[in-house]
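Trainee: First the structure, then my questions, so here it is.
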Amino acid sequence: MIRSAKGPVNESYSRKISIYNSREDKAVTLGFHIFRHRHVYRWSETGGEDSVLRTWQAFLINTVFWAGIAHAGIFFSVIWQLTDAKWGRPFKRLAEACAGFLPISFLMFVIVFFGSNVLYEWTHNPFLHHGVAVKAGWLNMPFFVSRNIAWLVLLYAVSWWFVKTSIKPDIALARKLLGTDWGGRFADKMLVGYGEHEEEVIRLEKLSRKIAPALAILYAFGGSFLAWDFVMTLDQEWFSTLFGVFFIIGNMHTFLALMLVISVSVRNSFGIEEYITINRLHDLAKLVFAFSLLWVYMGYSQYLVIWYADLPEETPYLVIRSMEQPWALMFLLIIIAVFAIPFLGLLPKTFCRIPNYIRAMGIWVVISQWFVIYLMVVPSLQDFGHYRVDMGLHELLITLGFVGIFFLSYFTFLGKVPILPISDKHLCRSWHGH
């Protein structure tokens, strides 16, 4: 065993800290090239304006979906930091690796601004009646762009500040254990001005505890504003005060499911079974189970309030999705996929302790939550009574491209830092489980 300043670090793990899986690199790079393919506009079945609309709506769906996962990853790292959750320490760095996608998601949101004239009716059509016209102070392009850029810059800057305080001590300890050239230029930049290791660990721990509460509040507000601006305003007349919360809960559910997939894969590839134990994976599966309940609870709470109030500005949004075909069928299938199947599938303890099984459940939930965003976005962009499920090359290729970019950025970041928070005193306390 090799002993760190805070406790033992497994020697076999030390040799694997900087491993990067080249096969994964090739796979996600392929996705990146698919995303860049310039003939996507010509592959529409209908062509013309419909092709442009489908391209932009697929781009918006994936921007919101993958950015939401990245936001939730940092948010859970904040939660584990604030609560001193020992069980979550082995997953902390896997959550923080979502920071690799943050600058890319910022660029994606900026690109969405250029499609606003296609996506958002209020950018080019006069307001239909007074109930919508009163929103003119909020729904105008200069304010729309400026406030969202401001939110994203603030959110991502504080997120990166928080992640830096977490990874610096681990990079320093990795260099101490594996040599001063470990981590290359990235490590050099991270450790500029880094002092005595013991003192820095204490200082950065205190700093992260100051940043974490502010970042949690920023994510609560920022996530809600992004949901309102990029999704809710697709239907300029509709509003719901619960929509932001429902959106954030969905992001957290999706992230936890993705963590199941990544944790099982990383556990096997890096040989860190003594840290990411069956007990830890079971805990993570229980959280996915719990968020399935929370997701359906928040969705029902939103539905019930709108149904009971029966306001003309609110009801069409839900009537279209729950009663008009083909959306009514998708609405029902989504409830089954996101709630019923995870609820029943993750209820038996025996199944939740089978890594490959919970990984499959994680993949199922991630795909199902993608369709939740799809159902939020697409009906708002189609004419009343002319509804159809657009699912073809536009949606497939753009989604595969986002998958590739997300995992390329994720594993690139993960390849530059220790995969476990090795300088964290809580890591070794969680080693043997509860």
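Counted from 1, the sequence shown has number 31 at position 40 by this note's numbering; the numbering is strictly sequential. In this text, a Cβ means the ideal position worked out from N, Cα and C, and glycines have one as well.
Taking the straight line between their C-alpha atoms, what separation do you get for E187 and I396?
Mentor: In a straight line, the C-alpha of E187 is about 37 angstroms away from that of I396.
Trainee: Which of the three DSSP states is assigned to G174 in this structure?
Mentor: coil
Trainee: Which value, in whole angstroms, describes the spacing of the CA atoms of A328 and W355?
Mentor: Near 8 angstroms, if we compare the C-alpha coordinates of W355 and A328.
Trainee: Could you tell me the boundaries of the alpha helix (DSSP H) in which P346 lies?
Mentor: Looking at the DSSP string, the run of the alpha helix (DSSP H) that includes P346 is P346 to V368.
Trainee: Quick check: the Cα distance between F330 and E191, rounded to an integer number of angstroms?
Mentor: 44 angstroms
Trainee: Could you give the distance in angstroms between the alpha-carbon of F66 and the alpha-carbon of I345?
Mentor: Using only the alpha carbons, I get a separation of about 27 angstroms.
Trainee: Quick one: using the 10 Å Cβ neighbour count with 16 as the cut-off for buried, is L405 buried or exposed?
Mentor: buried
Trainee: Reducing DSSP to helix, strand and coil, say where H417 ends up.
Mentor: helix
Trainee: In three-state DSSP terms, what is G59?
Mentor: Correct three-state label for G59: helix.
Trainee: Secondary structure at F50, three-state DSSP: helix, strand or coil?
Mentor: helix
Trainee: Please work out which residues of its chain come closer than 6 angstroms, Cβ to Cβ, to W113, disregarding the five sequence neighbours upstream and downstream, and give them in chain order.
Mentor: L130 and Q227.
Trainee: Quick one, are the C-beta atoms of C89 and A49 less than 8 angstroms apart?
Mentor: No, they are not a contact pair.
Trainee: Which residues in the same chain have their Cβ closer than 8 angstroms to the Cβ of N306, if we skip the five residues on either side of it in sequence?
Mentor: For clarity, residue 306 is Thr in the given sequence; the question names Asn instead. Correct list, in chain order: I297 and W298.
Trainee: Hey, quick one: how far does the alpha helix (DSSP H) through G235 stretch, first residue to last?
Mentor: G235: member of the alpha helix (DSSP H) spanning F234 to F261, first to last residue.
Trainee: Pull up the distance between the alpha-carbon of L182 and that of L366, whole angstroms please.
Mentor: 45 angstroms
Trainee: Does L405 come out as helix, strand or coil in the three-state DSSP assignment?
Mentor: Of the three classes helix, strand and coil, the one that applies to L405 here is helix, per DSSP.
Trainee: Answer yes if the region 277 to 290 comes into contact with the region 309 to 319, meaning at least three C-beta pairs across the two stretches below 8 angstroms, and no otherwise.
Mentor: At 8 angstroms Cβ cutoff, the stretches do not touch.
Trainee: Pull up the distance between the alpha-carbon of R258 and that of E264, whole angstroms please.
Mentor: 6 angstroms
Trainee: Which of the three DSSP states is assigned to A127 in this structure?
Mentor: Reduced to three states, the DSSP call for A127 is coil.
Trainee: Just checking my contact of F246 with A218 at CB under 8 angstroms: how many whole Å lie between their CB atoms?
Mentor: That pair is no contact at about 15 angstroms.
Trainee: Specify the secondary structure class of D274 as computed by DSSP and reduced to three states.
Mentor: helix
Trainee: Does the Cβ-Cβ distance between W151 and F216 come in under 8 angstroms?
Mentor: no
Trainee: Does the region 197 to 216 come into contact with the region 146 to 162, if we say contact requires no fewer than three beta-carbon pairs (one atom in each stretch) closer than 8 angstroms?
Mentor: yes
Trainee: Under 6 angstroms Cβ to Cβ from G106, same chain only, skipping five residues before and after it: list those, please.
Mentor: So the list reads W47, once near-sequence residues are dropped.
Trainee: What three-state label does DSSP hand F230 in the structure shown?
Mentor: coil
Trainee: DSSP three-state label for L411, please.
Mentor: coil
Trainee: By the DSSP assignment, the alpha helix (DSSP H) with E315 in it spans what residues?
Mentor: Taken as a continuous stretch (DSSP letters only), E315 belongs to no alpha helix (DSSP H), as it is neither H nor E.
Trainee: Could you check if R379 is buried or exposed, using at least 16 other CB atoms within 10 Å of its CB as the buried criterion?
Mentor: exposed
Trainee: Within the continuous alpha helix (DSSP H) that includes I158, where are the two ends?
Mentor: From DSSP, the alpha helix (DSSP H) with I158 extends over M132 to L169.
Trainee: Please classify V69 as buried or exposed, where buried requires at least 16 neighbouring CB atoms within 10 angstroms.
Mentor: That one is buried.
Trainee: For L295, does the three-state DSSP call read helix, strand or coil?
Mentor: helix
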